[in-house]
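Here the structure comes first, spelled out in structure tokens, and everything after it is commentary.
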Amino acid sequence: MQAFGYRQPLPITHPDSIIAFQAPTPVPGPHDLLVRVAAVSVNPVDVKQRANAAPPTDQPRILGFDASGIVEATGPEVTLFRPGDAVFYAGSIARPGSNAELQVVDERIVGPKPASLSHAEAAAMPLTAITAWELLFDRLGVARDRSATGTLLVVGGAGGVGSILIQIARQLTGLTIVATASRPETQAWCRELGAHHVVDHRGGLEDAVKAANVGPIELVAGLTATDQHWPAICALVAPQGKVGLIDDPKAIDPTLLKRKSASLHWEFMFARSLWGTADMIEQHRLLTEVARLTDQGTLRTTLTEPIGVLGVETLKRAHALVESGTMRGKAVLTVG
Ligand SMILES: NC(=O)c1ccc[n+]([C@@H]2O[C@H](COP(=O)([O-])OP(=O)(O)OC[C@H]3O[C@@H](n4cnc5c(N)ncnc54)[C@H](OP(=O)(O)O)[C@@H]3O)[C@@H](O)[C@H]2O)c1
């Protein structure tokens, strides 16, 4: 089958940073679906893997996580899906990626594709929706109903994760949402998705949030540039508040939270599949709920950049865009 990936970590401007190659057709294991991929989205993790992580073998590694497609075959122990079902999923960091004609994925981390969305619109969502959902409900412990009140600061509100976190928090909780964005188009996007307040992180996060006069910040979702914003986050979070992080800070001092008895929570959306946790099927359940909420019009796709058909040049363009750190919503490619 046709696949896209890399042989060695290279800057995106290098001619061989992304290559096309033929890979063996994958064979589903007991709990696996074999999926014919129809659309994929590109996340920062795709870019980090391509730029920094040498493939584990001497074969090229297939890139990609988010996908939407059709189940072609199932492993012998599969119970949740049948051939012909439309599905969406973010896959596993330990297995070959979605930037290919076919992919195998464990059914327990797959959801039914929202029927109201195209494959491209659906492919924009799974990785970021899983991250936002787990961060808000599983890590920060927010109740999934209107009784959840207080204020949530979302640092990096217009990016892939922020674009769905704002919607989930606004639609499924009673939280007041303060999102950060630095450009008119990203600020407008955060408001459109449901942020009550939008502040500019560029001129100093602490001053910007204080100037907005939003009261105590019980919860912080630090989605990006945590190294830069950590002192401000620790200054802003309320006593006994909670901070959730998802990016890769190099040097943050957790003791800055001590005098407030504030807590730090990590979200890594690949943790359940990487470690094969007993509750791995929660990702199937949450994607099923995200699909239901999308079909009833509560959540909307975060697709903003339809890049075209998956190929070396289009994939490079999507990687360059995500790598620029200026994404509003998500970049998606169709397959075939
Ligand atoms: N742990 C996990 O499970 C997990 C899951 C998903 C993502 N991640 C990681 O989380 C991070 C964010 O992912 P994403 O998909 O949301 O990224 P993204 O889509 O690339 O984020 C782009 C956004 O970041 C904002 N931004 C850029 N520089 C900023 C700064 N200095 N301060 C505040 N905001 C800034 C930009 O807003 P403006 O243009 O308005 O400035 C832009 O809208 C990445 O590092 C990613 O690898 C982790």
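Counting along the sequence shown from 1, when you hit position 62 you're at 80 in my numbering, and nothing is skipped either side.
All residues carry an ideal CB built from backbone N, CA and C; glycine is no exception.
Given the structure is predicted, the values throughout are model-derived calculations rather than measurements.
Same chain, Cβ closer than 6 Å to residue i, five either side skipped, listed in chain order
i           : result
residue 220 : 200
residue 126 : 298, 299 and 302
residue 352 : 57, 138 and 327
residue 226 : 217 and 218
residue 134 : 313
residue 265 : 242 and 244
residue 55  : 85, 87, 116, 121 and 353
residue 323 : 349
residue 65  : 337, 340 and 341
residue 223 : 247 and 250
residue 332 : 325, 326 and 351
residue 145 : 61, 83, 84 and 108
residue 207 : 176 and 346
Closer than 6 Å: residue i CB and nearest ligand 1 heavy atom
i           : result
residue 196 : no
residue 236 : no
residue 306 : no
residue 345 : yes
residue 283 : no
residue 264 : yes
residue 62  : yes
residue 200 : yes
residue 337 : no
residue 321 : no
residue 243 : yes
residue 108 : no
residue 286 : yes
residue 32  : no
residue 179 : yes
residue 204 : yes
residue 174 : yes
residue 295 : no
residue 219 : yes
residue 149 : yes
Contacts around residue i, its chain only, beta-carbon distance under 7 Å, and the 5 residues preceding and following it disregarded
i           : result
residue 154 : 160, 183, 186 and 187
residue 270 : 244, 245 and 248
residue 158 : 237, 260, 262 and 283
residue 26  : 72
Residue burial classification, residue i (beta-carbon count within 10 angstroms, cutoff 16)
i           : result
residue 121 : buried
residue 104 : buried
residue 346 : buried
residue 293 : exposed
residue 10  : For the chain, the structure presents residues 19 to 354; residue 10 sits outside this window and is missing.
residue 34  : exposed
residue 236 : buried
residue 32  : exposed
residue 61  : buried
residue 68  : buried
residue 169 : buried
residue 205 : buried
residue 140 : buried
residue 114 : buried
residue 15  : Only positions 19 to 354 of the chain appear in this structure, which leaves residue 15 out of reach.
residue 100 : exposed
residue 130 : buried
CB contact below 7 Å: residue i versus chain D
i          : result
residue 82 : The question asks about chain D, but that chain is absent: this structure has only one protein chain.
Counterpart residues of residue i in DSSP-defined beta bridges
i           : result
residue 284 : 263
residue 142 : Paired residues: none, contrary to the question.
residue 326 : 351
residue 129 : 106
residue 120 : 54
residue 237 : 170 and 260
residue 92  : 51
residue 39  : 21
residue 194 : 169
residue 215 : 196
residue 79  : 24
Residues of its chain near residue i, where Cβ-Cβ distance is below 8 Å and the 5 sequence neighbours each way are ignored
i           : result
residue 213 : 172, 175, 184, 188, 195, 196 and 197
residue 289 : 295
Contact test: residue i Cβ vs ligand 2 heavy atom, cutoff 6 Å
i           : result
residue 137 : Within the structure as shown, ligand 2 is missing, the only ligands being ligand 1.
| query | Would you call the region 66-75 and the region 251-261 touching, i.e. three or more CB-CB distances under 8 Å? | reply | Touching, no.
Flag this pair as touching only if the region 138-153 and the region 280-289 have three or more C-beta atom pairs under 8 Å; answer yes or no. Three or more pairs of CB atoms, one per stretch, sit closer than 8 Å, so the region 138-153 contacts the region 280-289.
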